[in-house]
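Just so you know, the UniProt record's numbering puts 69 at position 69 of the sequence shown, and the rest follows in order with no gaps.
No residue lacks a Cβ here, since even glycine has one placed at the ideal position from N, Cα and C.
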Amino acid sequence: MHRKSAALPNNHTHLFFLCCSLLFNEASQEIVQEQITRVLLERLIVNKPHPWGLLITFIELIKNPRYNFWKRGFTSAPEIEKLFESVARKLEMEYVDMYLVHWPVKLKEWASYAVPNEQDFVQLDLEATWAGMEKCLDMGLCRAIGVSNFSSNKIQRLLDFASVPPAVNQVEMHPMWRQDKLREVCAENKIHVSAYSPLGGPGNSWGSTAVIESPVIQSIALKHNATPAQMGYRHFDTAKIYGSEAALGSALTEAIHDGIVKREDVFVTSKLWGSDHHDPVSALQQTLKKLEMEYVDMYLVHWPVKLKEWASYAVPNEQDFVQLDLQATWSGMEKCLDMGLCRAIGVSNFSSKKIQRLLDFASVPPAVNQVEMHPMWKQDKLREVCAENKIHVSAYSPLGGPGNSWGSTAVIESPVIQSIALKHNATPAQVALKWGLSKGSSVIVKSFNQERMRENMASFNLKLDDEDVIQIDKLKEWKIMRGDFLVNQTTSPYKTIQHLWDDEI
Ligand SMILES: NC(=O)c1ccc[n+]([C@@H]2O[C@H](COP(=O)([O-])OP(=O)(O)OC[C@H]3O[C@@H](n4cnc5c(N)ncnc54)[C@H](OP(=O)(O)O)[C@@H]3O)[C@@H](O)[C@H]2O)c1
């Protein structure tokens, strides 16, 4: 990155970090970013422009920022030393980690500008220049010496007389200028190749957007970045009543078609709405049509609530309820399984008592109970009952559903959750999700935001310690999705909230 002005513009900083993140693995990225931040903060770069311009190399930033300067025409050690003194003064440093011959080009001494004029060139005496470079090393002004923009031939020539071989050759290198031959020659001679313009230098007058706009590069980026499936999400939770089955179906069909995932790699859950309890098979067949699939992996009874056949909307009216015949509904679910329309069947929003009731007659016990579960609604009792009966508990609204009309930010804004997040350098959402995962539950988190999708995925990497769990255990319990819309004094079988949840609220 060329620095000519006094301030480092934000977009350059950003680009800088972006480049680093493309070039380093995760661990070294952190170190690099830390280093860059430190250097920027110390204002070594920001307020220290100099006549040659400053290049910050991306690749050599792991332990120390290394600087690379315009160096032209200085053939003797005293001249280089003089140059170095002024550089060192400007940098307020005693040494640089790496000093490079910028180009295999010698210019007249006054030609100290980026684009030489025609009459500025003199014959390069590489041997003399290199002797000056080795003198810098001897004097401790730099820790290593190298070259930049050297071809394989020039490298070979230099090696013929160098007492100290170059440690580095810094050259243009990116997916459209891969330097295969040069890298081979350098590798044979233990010379590290440092890649400049790794993005093809877009934004520079001489640069190009060809690399970052290359369809191949873009499609690879897309593959690793863009959709939930591409980010690694494999469990997709939908339901007739969400109206999301068709959208999920077409997204997954496309992902499968593009080879991003195979059908057998994803786990699709959908749910039977109350108005379909009379015929789960037809309901699931309609669901499969929308999903463009032959089967779902899991089909759940959405609520222990039966509605009239036309009540196919999220919030039933008072007169829409009919008496639930759970045995009949469950036998329809088992039929779905027999017919191969789903791979497993389960329930959702079932209390321990309703689970026990279902187990009394079920030929196939439910595989899953999907319920509200987060650090403020821990479901201790229900999880115990389910564990005894080998029923997996899947946690919905694992963040407390902050964006929903009925939801709350209480979980992610809880001071306890926030302080645990701070302690682990994580986010409150990651703490809440990891808590659910640590209880052996699957967590069904929703986000329309790619950054948050990534953030949520990274909760797998977080480790909560015993003290965190003790603190979370002390949080006040608060059921956020209470289900008031399923309770009324007329047609609903549930006259009170306590009745709906069998006093487990
Ligand atoms: N079986 C059932 O009866 C039932 C009931 C409710 C939900 N569910 C299932 O559970 C899923 C999730 O439940 P939910 O949406 O109620 O609750 P949730 O996942 O706890 O919360 C979702 C909300 O949190 C926000 N969010 C996501 N990641 C975040 C982060 N890292 N930091 C801050 N905010 C974040 C989202 O906003 P952005 O989109 O802006 O990121 C969204 O508004 C649903 O999609 C559904 O599949 C099932």
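query = Is it a yes or a no for the stretch 366-386 touching the stretch 345-354, going by three-plus beta-carbon pairs under 8 angstroms?
reply = yes
query = Skipping 5 residues on each side, what residues in its chain have a beta carbon closer than 8 angstroms to that of V487?
reply = Taking the first residue of the sequence shown as 1, we reach residue 487 at position 487. So the list reads Y494, K495, T496, I497, H499, L500, once near-sequence residues are dropped.
Which of helix, strand or coil DSSP assigns to V168 = What you label residue 168 is simply residue 168 of the sequence shown in a count that begins at 1. Strand at V168.
inquiry  = For A314, count the other beta carbons within 10 Å of its own beta carbon; 16 or more makes it buried, fewer makes it exposed. Which is it?
reply    = Here the question's residue 314 lines up with position 314 in the sequence shown. Its Cβ having fewer than 16 others within 10 Å, A314 is exposed.
inquiry  = To the nearest angstrom, how far is the alpha carbon of F485 from that of D320?
reply    = Counted from its first residue, the sequence shown places residue 485 at position 485. Counted from its first residue, the sequence shown places residue 320 at position 320. The alpha-carbon of F485 is positioned some 11 angstroms away from that of D320.
request  = Rank K190, L359, W273 by C-alpha distance to the C-alpha of P165 and give the top, closest one.
outcome  = By 1-based counting over the sequence shown, the position of residue 165 is 165. Of the candidates K190, L359, W273, the one whose C-alpha sits nearest the C-alpha of P165 is K190.
ask   = With a CB to CB cut of under 8 angstroms and the five nearest residues on each side skipped, what residues in its chain are close to Q489?
value = Here residue 489 refers to the residue found at position 489 when the sequence shown is read from its first residue. Once the five neighbours on either side are set aside, the close Cβ partners of Q489 are K495.
ask   = If you pair each beta-carbon of the stretch 316-334 with each one of the stretch 464-484, do three or more pairs fall below 8 angstroms?
value = no
ask   = Sorry if obvious, but does the Cβ on P402 come closer than 7 angstroms to a heavy atom of ligand 1?
value = Along the sequence shown, one-based indexing puts residue 402 at 402. Within the cutoff, so yes.
ask   = Helix, strand or coil: how does DSSP classify H174 here?
value = Taking the sequence shown and counting its residues from 1, the one referred to as residue 174 is at position 174. Three-state result, H174: strand.
ask   = Would you say N425 touches ligand 1, meaning its beta carbon is less than 7 angstroms from a heavy atom?
value = Locating residue 425 in the sequence shown gives position 425, counting from the first residue. Answer for N425: no, Cβ out of range of ligand 1.
request  = Could you check how far apart the C-beta atoms of E504 and S351 are, in whole angstroms? I think they sit under 8 angstroms.
outcome  = On the sequence shown, position 504 is the one that residue 504 refers to. On the sequence shown, position 351 is the one that residue 351 refers to. With a Cβ gap of about 5 angstroms, E504 and S351 count as contacting.
Under 8 angstroms between C-beta atoms of S438 and L422 = Residue 438 sits at position 438 when you count from the first residue of the sequence shown. Residue 422 sits at position 422 when you count from the first residue of the sequence shown. Not a contact, by the Cβ cut-off of 8 angstroms.
task = Quick one: residues in its chain with C-beta nearer than 8 angstroms to the C-beta of A410, no 5 flanking neighbours on either side, listed in chain order?
result = Taking the first residue of the sequence shown as position 1, residue 410 is located at position 410. So the qualifying residues of the chain are M376, G400, W478, I480.
ask   = So, are the CB atoms of E413 and Q430 less than 8 angstroms apart?
value = As a first step, residue 413 must be located in the sequence shown, where it is residue number 413. As a first step, residue 430 must be located in the sequence shown, where it is residue number 430. Contact: no.
task = Spatial neighbours of E309 within its chain, please: CB distance less than 7 angstroms, with the 5 preceding and 5 following residues excluded, ordered by chain position.
result = Position 309 of the sequence shown, counting from 1, holds the residue named residue 309. The answer, listed in chain order, is S275, H278.
ask   = Excluding the five sequence neighbours on either side, which residues of its own chain have a C-beta within less than 8 angstroms of the C-beta of S244, listed in chain order?
value = Residue numbering aside, residue 244 sits at position 244 when the sequence shown is read from its first letter. Same-chain partners within the cutoff: T238.
query = Expressed to the nearest angstrom, what Euclidean distance is found between the alpha-carbon atoms of Q418 and N153?
reply = Walking along the sequence shown from the start, residue 418 turns up at place 418. Walking along the sequence shown from the start, residue 153 turns up at place 153. C-alpha separation (whole angstroms): 59 angstroms.
ask   = Should F361 be labelled buried (16 or more other beta-carbon atoms within 10 Å of its own) or exposed?
value = Walking along the sequence shown from the start, residue 361 turns up at place 361. Exposed, by the Cβ-count rule.
request  = Determine the direct distance from the alpha carbon of L199 to that of W273, and round the result to whole angstroms.
outcome  = Residue mapping note: residue 273 aligns to position 273 of the sequence shown, counting from 1. Residue mapping note: residue 199 aligns to position 199 of the sequence shown, counting from 1. Going from the Cα of W273 to the Cα of L199 covers about 51 angstroms.
inquiry  = To the nearest angstrom, how far is the alpha carbon of T491 from that of E318?
reply    = Here residue 491 is taken as the residue at index 491 of the sequence shown, counted from 1. Here residue 318 is taken as the residue at index 318 of the sequence shown, counted from 1. Whole-angstrom Cα-Cα distance: 6 angstroms.
inquiry  = The alpha helix (DSSP H) that contains V416, what's its start and end?
reply    = On the sequence shown, position 416 is the one that residue 416 refers to. Element bounds for V416: 415-423.
request  = Express the C-alpha separation of F267 and F236 in angstroms, rounding to a whole number.
outcome  = Taking the sequence shown and counting its residues from 1, the one referred to as residue 236 is at position 236. Taking the sequence shown and counting its residues from 1, the one referred to as residue 267 is at position 267. One C-alpha to the other measures close to 6 angstroms.
request  = Return the bridge partner residues of M298 from the DSSP annotation.
outcome  = Mapped onto the sequence shown, residue 298 falls at position 298. DSSP output for M298 lists T269 as bridge partner(s).
query = So is the beta-carbon of H302 under 7 angstroms away from any non-hydrogen atom of ligand 1?
reply = The residue labelled residue 302 in the question sits at position 302 within the sequence shown. Result yes, Cβ under 7 angstroms from ligand 1.
Rounded straight-line distance, which links the Cα of D125 to that of L137 = On the sequence shown, residue 137 is found 137 positions in, with the first residue counted as 1. On the sequence shown, residue 125 is found 125 positions in, with the first residue counted as 1. So the alpha carbons of these two residues sit roughly 19 angstroms apart.
request  = Would you mind listing the alpha helix (DSSP H) stretches within the stretch 111-142 that are 4+ residues and don't spill past its ends, in chain order?
outcome  = Whole alpha helix (DSSP H) segments, 4+ residues: 126-138.
task = Under 7 angstroms Cβ to Cβ from E172, same chain only, skipping five residues before and after it: list those, please.
result = Counted from its first residue, the sequence shown places residue 172 at position 172. Y196, S197, listed in sequence order.
ask   = Who are the Cβ neighbours of K306 in its own chain at under 6 angstroms, not counting the five residues just before and after it?
value = By 1-based counting over the sequence shown, the position of residue 306 is 306. Contacts found: G274, H277, V322, L324.
query = With a CB to CB cut of under 8 angstroms and the five nearest residues on each side skipped, what residues in its chain are close to K335?
reply = One-based indexing of the sequence shown puts residue 335 at position 335. Only P280, V281 meet the Cβ criterion.
inquiry  = Can you list, in chain order, the residues of its chain with a C-beta nearer than 6 angstroms to that of E34? Leave out the 5 residues immediately preceding and following it.
reply    = Numbered from its first residue, the sequence shown carries residue 34 at position 34. Residue placement at E34 cannot be trusted, given a pLDDT of 48 that sits under 50; the coordinates are not used to answer.
request  = Would you list the residues sitting across from D338 in a DSSP beta bridge?
outcome  = Against the sequence shown, residue 338 aligns to sequence position 338. D338 pairs with nothing; no bridge assigned.
request  = Could you tell me if P415 is buried or exposed, where buried requires 16 or more neighbouring beta carbons within 10 angstroms of its beta carbon?
outcome  = As a position in the sequence shown, residue 415 is number 415, starting the count at 1. Exposed, by the Cβ-count rule.
message = With H, G and I counted as helix, E and B as strand and the rest as coil, what does DSSP make of T491?
response = Residue numbering aside, residue 491 sits at position 491 when the sequence shown is read from its first letter. The answer is coil: DSSP assigns T491 none of H, G, I, E or B.
query = Can you give the Cα-Cα distance for D120 and L107, rounded to whole angstroms?
reply = For this step, residue 120 is matched to residue 120 along the sequence shown. For this step, residue 107 is matched to residue 107 along the sequence shown. One C-alpha to the other measures close to 5 angstroms.
ask   = For W130 versus L159, is the C-beta spacing smaller than 8 angstroms?
value = Within the sequence shown, the letter at position 130 stands for residue 130. Within the sequence shown, the letter at position 159 stands for residue 159. The answer is no: Cβ separation not under 8 angstroms.
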